[in-house]
Amino acid sequence: MRRLHVLCNPVAGGGRGLRALDGVREALRDPALEVTIVRTESATHAALAAREAAEAGGEVVAFGGDGMARIVAHAIRGTDASLGVLPGGRGNDLAAVLGLGRDPVAACEVVREGRRRSIDLAEADDAHGVRGATFLGVASIGLESEVARIAERAPRIGGQATYAGAMVLGLLRWRSARFALRVDGEALELPGFLAGAANSGRFGGGMRIAPDAALDDGLLDLVVVEDLPKWRFLTLAPTVFLGTHVRRPQVHVRRAREVVLDADRSLEVFADGDPLARTPATIRVLPRAISVLAPAT
1 MRRLHVLCNP VAGGGRGLRA LDGVREALRD PALEVTIVRT ESATHAALAA
51 REAAEAGGEV VAFGGDGMAR IVAHAIRGTD ASLGVLPGGR GNDLAAVLGL
101 GRDPVAACEV VREGRRRSID LAEADDAHGV RGATFLGVAS IGLESEVARI
151 AERAPRIGGQ ATYAGAMVLG LLRWRSARFA LRVDGEALEL PGFLAGAANS
201 GRFGGGMRIA PDAALDDGLL DLVVVEDLPK WRFLTLAPTV FLGTHVRRPQ
251 VHVRRAREVV LDADRSLEVF ADGDPLARTP ATIRVLPRAI SVLAPAT
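Residues 1 to 297 in full-length UniProt numbering are what the sequence shown spells out, letter by letter.
So, in structure tokens, the structure goes:
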């Protein structure tokens, strides 16, 4: 019998996941499954519960947003446990990349019937004591650091609406930074708005920052947006939702196994909606480091 441990973040998405919890419980009712549902009380509680479940031989399902998936992935990496994802947050970018949609009850079918798929993780070290901080999506510095901080404190409404408002406010506050990057050891310096090392390629509730990134190619996609007038950046921003921004001459994309993110001032590195490290930070890919429950087709 398969053992599933569903870890539900009750405050994710303004309580969206919690409201769907009864439906999830019913959708996972199956004589072949032993299901345990835990309402997590904090990130620490979620990590401990995930690790205990993995070490007991269970599969661990992150029911919440991208931050919850990141916490669970970090906790179970190095074990034989698979990661399941039920979208219950604002952005749900990982769920979208995996093809799960936005309905957590419908996504239960993948948890019940899906196949195990090996995917890459990424991790960050910094000069301030962070070691091996795991993420699944995009680690970025620059304007996105400001935008993510604003979005994190915003009312728990829809992902794209939150990020659109945070983008405008963040842009008003932003002053240009000079990035000092290393891409597989090669130095790259330029003034810019944003530099992001992408594993899954999507963040901010649908922004396709690295449209060609793949979760299982063993590489990071580094995307750098050069400095340009703020009004021109505003014309560029909507194209990120389509992934067509990478055609602009001010946007550079490189692939690498390791990227160092740094700048002329200290910046937070945000990943999966949360602060992960501070510059200078080294980001590296961990090929096929975890298995996830993904759609069968």
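Where a beta carbon is used, it is the ideal one built from N, C-alpha and C, also for glycine. The structure presented is a predicted model; accordingly, all values stated were derived computationally and were not measured.
Rounded Cβ spacing between residue i and residue j (contact assumed at less than 8 Å)
{"i": "V85", "j": "L98", "result": "6 Å"}
{"i": "G243", "j": "D66", "result": "With 8 Å as the limit, G243 and D66 do not qualify as a contact, their Cβ atoms being about 18 Å apart."}
{"i": "R208", "j": "V240", "result": "6 Å"}
{"i": "I141", "j": "V269", "result": "6 Å"}
{"i": "A12", "j": "G89", "result": "4 Å"}
{"i": "P191", "j": "A180", "result": "Not a contact, Cβ separation roughly 11 Å."}
{"i": "L83", "j": "A46", "result": "Not really, about 13 Å apart at Cβ, beyond 8 Å."}
{"i": "A210", "j": "V292", "result": "The pair is not a contact, with the Cβ atoms about 19 Å apart (cut-off 8 Å)."}
Assigned exposure category for residue i - 16 Cβ within 10 Å defines buried
{"i": "P249", "result": "exposed"}
{"i": "G218", "result": "exposed"}
{"i": "E55", "result": "exposed"}
{"i": "T279", "result": "buried"}
{"i": "T44", "result": "exposed"}
{"i": "P238", "result": "exposed"}
{"i": "V168", "result": "exposed"}
{"i": "S266", "result": "exposed"}
{"i": "S42", "result": "exposed"}
{"i": "H128", "result": "exposed"}
{"i": "T134", "result": "buried"}
{"i": "A296", "result": "exposed"}
{"i": "P87", "result": "buried"}
{"i": "D216", "result": "exposed"}
{"i": "R232", "result": "exposed"}
{"i": "L234", "result": "exposed"}
{"i": "M68", "result": "buried"}
{"i": "D93", "result": "buried"}
{"i": "E59", "result": "buried"}
{"i": "G114", "result": "buried"}
{"i": "R288", "result": "exposed"}
{"i": "A187", "result": "exposed"}
{"i": "A124", "result": "buried"}
{"i": "L172", "result": "exposed"}
{"i": "E146", "result": "buried"}
{"i": "P104", "result": "buried"}
{"i": "E144", "result": "buried"}
Residues that residue i bridges to, as DSSP identifies them
{"i": "S291", "result": "S82 and S118"}
{"i": "D274", "result": "A271"}
{"i": "A133", "result": "A124"}
{"i": "A281", "result": "D126 and L261"}
{"i": "D221", "result": "A198 and R255"}
{"i": "residue 306", "result": "Here the chain covers residues 1 to 297 and nothing more, so residue 306 does not appear."}
{"i": "L286", "result": "L121"}
Cβ-heavy atom distance, residue i to the ligand SAM, below 7 Å
{"i": "K230", "result": "In terms of ligand content, the structure shown is empty, and the ligand SAM therefore cannot be addressed."}
* Inside the UniProt domain "DAGKc" (1-128) only - alpha helix (DSSP H) runs reaching at least 4 residues -> The UniProt domain "DAGKc" (1-128) is shown to contain whole alpha helix (DSSP H) runs of 4 or more residues at 16-19, 21-27, 43-55, 66-76, 93-97 and 104-113, in chain order.
* Asked: Whole beta strand (DSSP E) runs in the segment 153-217 with 3 or more residues, listed along the chain?
  -> Here the runs fully enclosed are 177-183 and 186-198.
* To do: Specify whether the segment 10-23 and the segment 70-80 touch according to this definition: at least 3 beta carbon pairs, one from each stretch, less than 8 Å apart.
  => With contact defined as three or more Cβ pairs closer than 8 Å, the segment 10-23 and the segment 70-80 are not in contact.
* Asked: Is the segment 117-124 touching the segment 197-205 in the sense that three or more CB pairs, one from each, lie closer than 8 Å?
  -> Using a Cβ-Cβ distance cut-off of 8 Å, the segment 197-205 and the segment 117-124 are in contact, since at least three pairs of beta carbons, one from each stretch, lie closer than that value.
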